[in-house]
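Participant:
Given below as C-alpha cells:
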C-alpha cells in the first residue's frame, strides 16, 4: 500500500493529508470527520492575501521605541512595509524584507493616531494589507 504525505504549507495555505493510493482498499477513509481539519488538495489557486495582526489593545508606536509588526500571508516572495497618512507616504519602513510574518520597527519620527502601516507584496503592489494605528 502506498501512502503520500504532504503537510501544511503556510505560504500556499493548503492543508493536505496523507491519502491512500487506492480509496477502494479502505472506503472508511473518505468518511473521516470534518472537524479534523482535512482538506483535499485542489488545483484551484488560493488568492494571495496579507493579514496584519492588531494587538488586543490598540498600541500606538512611539518614537525611538521598538514596535513589532506582525502579519500572516500566503505569498511566496518578499514584502515591503510602509507608513502612510491616508494615501500620503510618510516613511518607507522596509523596502524589501522576508515575508516571515514579523518585523521589528523603531520609528524615528512621531507616529500619529490614524497613520496606516501597509504591507505589500514586493512583486505585486496591488496585493497588500494595512493596519490603522
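Residue numbers (this note's numbering): 1394 to 1526. For glycine and all other residues, C-beta sits at the position ideal for the given N, C-alpha and C. Everything numeric in this text was worked out from a predicted model, so none of it was measured.
1) What separation, rounded to the nearest whole angstrom, lies between the Cα atoms of residue 1515 and residue 1492?
2) Check residue 1478 in the structure and name its three-state DSSP category.
3) Residue 1476 and residue 1510 look like a contact to me (Cβ under 8 Å); what is the Cβ gap, rounded to whole Å?
4) Leaving out five residues before and five after residue 1460 in sequence, what residues of the same chain have Cβ atoms less than 6 Å from its Cβ?
5) Tell me which same chain residues have a C-beta within less than 6 Å of the C-beta of residue 1488, skipping the five on either side of it?
6) Can you tell which of 1522, 1526, 1496 has its C-alpha closest to the C-alpha of residue 1505?
7) Pick helix, strand or coil for residue 1515, following the three-state DSSP scheme.
Facilitator: Well, looking at it:
1) On the chain shown, residue 1515 is found 122 positions in, with the first residue counted as 1. On the chain shown, residue 1492 is found 99 positions in, with the first residue counted as 1. A direct Cα-Cα distance of roughly 9 Å separates residue 1515 from residue 1492.
2) Numbered from 1 along the chain shown, position 85 holds the residue referred to as residue 1478. Strand, per DSSP.
3) Position 83 of the chain shown, counting from 1, holds the residue named residue 1476. Position 117 of the chain shown, counting from 1, holds the residue named residue 1510. Sure, about 6 Å apart at Cβ, within 8 Å.
4) Your numbering for residue 1460 matches position 67 in the chain shown. Excluding residues up to 5 positions away in sequence, 1454, 1498 lie with their Cβ nearer than 6 Å to the Cβ of residue 1460 in the same chain.
5) Numbered from 1 along the chain shown, position 95 holds the residue referred to as residue 1488. If we look at residue 1488 and ignore the five residues flanking it on each side, its Cβ neighbours are 1473.
6) On the chain shown, position 112 is the one that residue 1505 refers to. Per the C-alpha coordinates, the member of 1522, 1526, 1496 positioned closest to residue 1505 is 1526.
7) For the purposes of this step, residue 1515 is identified with residue 122 of the chain shown, where counting begins at 1. In the three-state reduction of the DSSP assignment, residue 1515 falls in the coil class, being assigned neither a helical nor a strand state.
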